[in-house]
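Numbering (the numbering used here), first residue to last: 417 to 729.
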Ligand code: ADP
C-alpha cells in the first residue's frame, strides 16, 4: 500500500505503529507514516478520523498507548522539551488570547519562547504585514481569516523547523483559505517541514503527499497525483431535474455500484466498467427524469477516498 513516491530525503517526522484510546473510544489504530524534511504533508479525513489525536501525540501533549514517534530524531515522550522548542503548533480551535490585542498575542508567544518579535520578524513578515494595520484590535474581534494569520504568526515566532497545523482552514472563507495555502507554500520554500490536517478534499492536491484517514486508520498514503492515477474505474457525472429521486433511483438500479453527491452532480460507477452511459440514461428516462445529463468524468481525490472507504466498510 505504501508506494515509493520518490522522496529520498531525511525523515523529519516518523510515526511507527501508534495507537491511542480515550477510555473506551479507540481514537487511532496502528498508524505508521513518515514526513520528509521540507515536505508539505496532509492528513486528510472527516471529523473523528483521528487527525487531532495524532497531532497532539506529535506535539507531546498526549501520550500514545502503543508505538513510537520522533520529530527530527527526538522521541516524543523522552525529548518533549526539545520538541516543543523546535515545533510550531496551530491547534484546531485558535489558541489566541481573545482579550489581548493582535500585537500583545504575538509578544506573548515570543516571550514564552524566550525570543522577541523583532528577532524573528523576517520569517513572519509576509503574513504579519496583512494584519499589522489591526495590531491594536483585540484578537476576539478579528475575522476568521485574520485570526488564522495571527495564529500562524504566533506558531512561527520561535523559528520552528516543523509546523503542525490542525485544520487551519476549517471555518475560514474561500479567499482566506487560498491565501493561507500560498503562505504555507512560501514557508515550505524557506525549508520548514509542514504537517497540516484538513477535512477539505480539494486541499489534498496542494500537498506533496497525503495520508487519507478514516476512523483512526490510514487508508492510503501517496502523492495526490499517484492516488488519482491509481483510480482506474469508469466514472460518470449524472444530474436531472430531481436530484433527490435521482440518487434513490440510481442506488436501486441493479447495474449501479456506487452513487454519491458531488457538487451539482452525482458521481456514479457501474457494477462492472462495461456499463455504458446510455444504459444509465435509458434507465433514468424510463424513470421519468428530465433535463438529464450523463457524461464521463475524470476522478478527483474525493472519488479515490470514497472508493477506499467502500473497500474498508
Ligand atoms: P479528528 O481530528 O480527525 O476530528 P480526533 O482525533 O479529534 O479526530 O478524534 C478521534 C476520535 O477520538 C473520535 O471518535 C473522537 O470522538 C474521539 N475523541 C477525541 N478526543 C476525545 C476525548 N478527549 N475523549 C473521548 N474521546 C475523544
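All residues carry an ideal CB built from backbone N, CA and C; glycine is no exception.
All values derive from a computational prediction rather than experimental measurement.
- Taking non-hydrogen atoms of the ligand ADP into account, the C-beta of residue 505 is found less than 6 angstroms away from none of them.
- In the three-state reduction of the DSSP assignment, residue 430 falls in the strand class, which pools E and B.
- Here residue 485 really is in contact with residue 434; their C-beta atoms are around 6 angstroms apart, less than 8 angstroms.
- Relative to the non-hydrogen atoms of the ligand ADP, the Cβ of residue 468 comes within a distance shorter than 6 angstroms of at least one.
- For secondary structure counted as the beta strand (DSSP E) over 3 or more consecutive residues, the region 571-649 holds these complete runs in sequence order: 578-581, 609-614, 625-630, 633-638.
- Within the same chain, Cβ atoms closer than 6 angstroms to the Cβ of residue 499 are found at 476, 487, 490, the five residues on either side in sequence being excluded.
- Taking C-beta separations shorter than 6 angstroms and ignoring five residues to either side along the sequence, the partners of residue 674 in its chain run 685, following chain order.
- In the DSSP assignment, the residues bridged to residue 682 are 654, 677.
- Runs of beta strand (DSSP E) with 3 or more residues, each lying fully within the region 438-516, are found at 441-452, 456-460, 482-487, 503-506, listed in chain order.
- Boundaries of the beta strand (DSSP E) around residue 712: 709-712.
- Membership of residue 702 in the alpha helix (DSSP H) is indicated by the continuous run 693-702.
- With respect to the 7 angstroms criterion, residue 611 and residue 441 are not classified as neighbours on the basis of their beta carbons.
- Between residue 713 and residue 651, the C-beta gap is smaller than 7 angstroms, which places the two residues in contact.
- In this structure, residue 582 keeps its C-beta atom at 7 angstroms or more from the C-beta atom of residue 428.
- Rounded to the nearest whole angstrom, the CA to CA distance from residue 503 to residue 575 is 8 angstroms.
- Taking the C-beta atoms as reference points, residue 607 is found no nearer than 7 angstroms to residue 458.
- Counting only the Cα atoms, residue 664 lies some 11 angstroms from residue 682.
- With a threshold of 16 other beta carbon atoms within 10 Å, residue 559 falls short and is exposed.
- Looking only at 706, 711, 577, the smallest Cα-Cα distance to residue 609 is reached by 577.
- Here residue 528 is not near residue 551, since their CB atoms are 7 angstroms or more apart.
- Shown here, residue 569 sits in a helix according to DSSP, grouped into three states.
- Residue 668 sits exposed, since fewer than 16 C-beta atoms from the chains shown fall within 10 Å of its C-beta.
- Going by beta carbons, residue 630 and residue 456 fall outside the 7 angstroms limit.
- Take residue 699, set aside five residues on each side of it, and the residues of its chain with a beta-carbon closer than 6 angstroms to its own are 669, in chain order.
- Burial is judged here by how many other beta carbons sit within 10 angstroms of a residue's own beta carbon; residue 728 has fewer than 16 and is exposed.
- Excluding the 5 residues flanking it on each side, residue 515 has same chain C-beta neighbours closer than 7 angstroms at 554, 556, in chain order.
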